[in-house]
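Be aware that the sequence shown starts at 1, since it is given in our numbering, and climbs by one per residue.
Just so it is clear, CB atoms sit at the ideal spot from N, CA and C, and this is done for glycine as well.
Bear in mind that the values here come from a model prediction, so they are computed numbers and not experimental data.
Before any comments, here is the structure.
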Amino acid sequence: MRMIHTRSIQTPIGEMHAGATENGICMLEYDDPTRIKKHKSAFSDNYELREADPSNELLTQLEKELEAYFKMESKTFDVALDLIGTDFQQKVWTELLNIPFGVTRSYLEQSKSVGDVNAIRAVANANGQNRISIVVPCHRVIGSNG
């Protein structure tokens, strides 16, 4: 069984909960017990969750990059990601990474960018299932009415 190492990270907007596989960051969630439990439950069939060793390089890199982001010293993240989800979710989340800092997109535009103009609801659902807050910027997609 594969391992997900977890750690709490203090940020200017409160505590966040992060997880990393050997391949990259797979979770960054606000301190919302319901969402954290939901994410961990989604991982539980294929992964064992374990508190991270303080020297976990991926989580340490994420923590440093979040610090720079919140200090407005950086607008991007370089830490490796492990987007664990369905093929469609991964496609939507990967496309989210292409939205530049400071830019918003409608769900319709996001649907077009993943190749299916009729997938607005599916795109919105995939955005809502994003397990890597801030780094995978689902907050940059908004309704057509603003």
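Where residue i falls, given that 16 or more other Cβ within 10 Å makes a residue buried
i, result
"P12", "exposed"
"N6", "The residue asked about is misnamed: residue 6 is Thr in this sequence, not Asn. With 16 or more Cβ atoms within 10 Å of its Cβ, T6 is classed as buried."
"N130", "buried"
"E95", "buried"
"G19", "buried"
Residue range of the unbroken alpha helix (DSSP H) whose run includes residue i
i, result
"A18", "Unbroken run through A18 is the beta strand (DSSP E), G14 to A20; no alpha helix (DSSP H)."
"I36", "P33 to F43"
Backbone CA spacing between residue i and residue j [nearest angstrom]
i, j, result
"R35", "E29", "8 Å"
"E48", "H139", "29 Å"
"G102", "G85", "26 Å"
"H39", "M27", "8 Å"
"A124", "Y107", "7 Å"
"R121", "Q110", "11 Å"
"N46", "I25", "16 Å"
"T21", "R50", "10 Å"
"L97", "T104", "12 Å"
"I99", "I132", "15 Å"
First through last residue of the beta strand (DSSP E) which encompasses residue i
i, result
"R140", "R140 -> no beta strand (DSSP E), and no H or E assigned at all."
"S8", "R2 to T11"
"I25", "I25 to Y30"
Okay, do the segment 90 to 97 and the segment 53 to 63 touch, 3+ Cβ pairs below 8 Å being the bar?
The answer is no - the segment 53 to 63 does not touch the segment 90 to 97, with fewer than three Cβ pairs under 8 Å.
Start-end ranges of the alpha helix (DSSP H) lying completely within the segment 59 to 132, minimum 4 residues:
Counting whole runs of 4 or more residues, the segment 59 to 132 contains the alpha helix (DSSP H) stretches 87 to 96, 107 to 113 and 120 to 128.
If we count Cβ pairs, one from each stretch, closer than 8 Å, do we get three or more for the segment 64 to 84 versus the segment 104 to 117?
At 8 Å Cβ cutoff, the stretches do not touch.
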